[in-house]
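Numbering (this note's numbering), first residue to last: 883 to 1085.
Backbone N, C-alpha and C define an ideal beta-carbon position, used for all residues, glycine too.
The structure appears right after this line, and notes come after that.
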């Protein structure tokens, strides 16, 4: 299986990941490619249950390490049940978030350590790792203003999202060959075209 066809769409909350990823998936299908679209957390029965614990708003606290491990658990199930088989069949896999979200949010913004969170996820993913990351870069304050509805994490506000943005920048600087950085402030059609061009050039 080729990980270059495993493409993660990343960015702060409200950056437009879902919209852009779905548009790129549609364009790839139109060009004749098989495309599997997934989201994190979620994508499996187990993952959707974990998603509700992690993102549904309610009167509860989730410890940062519990949060990181729950994300990793859902991701491991998605890798073995959906992503790995799709890649083995030759499909593109476009993911609305991925392990890089955990590296940025829990590893960087929550202070658990990027390397520590990476190690936990490497154990569960067993080599099923995005070959390309499309990072939608936008000012966190602008991005939060775009959100239709805040989830348990984004409701924490601007400070967290600013730390997330800084962590994404750190990840991109450490591994620039894996990242395509796209200006998500541009009009949607321009953002989609830039993301698609990056995917096609690297895949």
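Asked: Measuring straight from C-alpha to C-alpha, what distance separates residue 1018 and residue 941?; Found: 31 Å
Asked: Could you have a look at residue 904 and say whether DSSP puts it in helix, strand or coil?; Found: helix
Asked: Less than 8 Å between the beta carbons of residue 906 and residue 1077, yes or no?; Found: yes
Asked: I need the boundaries of the beta strand (DSSP E) containing residue 964, first residue and last residue.; Found: No beta strand (DSSP E) contains residue 964, which DSSP labels as neither H nor E.
Asked: Which residues share a DSSP beta bridge with residue 917?; Found: 974
Asked: Nearest to residue 894 by alpha carbon, out of 1035, 1079 and 1083?; Found: 1035
Asked: Output yes or no for whether 8 Å exceeds the beta carbon distance between residue 887 and residue 983.; Found: no
Asked: Quick one: does residue 1004 have its CB under 8 Å from some CB of chain B?; Found: Among the chains in the structure shown there is no chain B, since it carries only a single protein chain.
Asked: Starting from residue 889, follow its DSSP beta bridges and name the residues at the other end.; Found: 976 and 1014
Asked: Beta carbon of residue 978, beta carbon of residue 891: below 8 Å?; Found: yes
Asked: Please tell me whether residue 988 and residue 946 are closer than 8 Å, where the distance is taken between their beta carbons.; Found: yes
Asked: Quick check on the DSSP output: what are the complete alpha helix (DSSP H) runs of length 4 or more inside the region 1028-1058, in order along the chain?; Found: 1040-1056
Asked: Using a Cβ distance threshold of 8 Å, determine whether the region 996-1007 contacts the region 948-964, with at least three qualifying pairs required.; Found: yes
Asked: DSSP on residue 997, reduced to helix/strand/coil?; Found: helix
Asked: Give the DSSP bridge partners of residue 912, in chain order.; Found: Residue 912 is not bridged to any residue.
Asked: Helix, strand or coil for residue 944 per DSSP?; Found: coil
Asked: Should residue 1083 be labelled buried (16 or more other beta-carbon atoms within 10 Å of its own) or exposed?; Found: exposed
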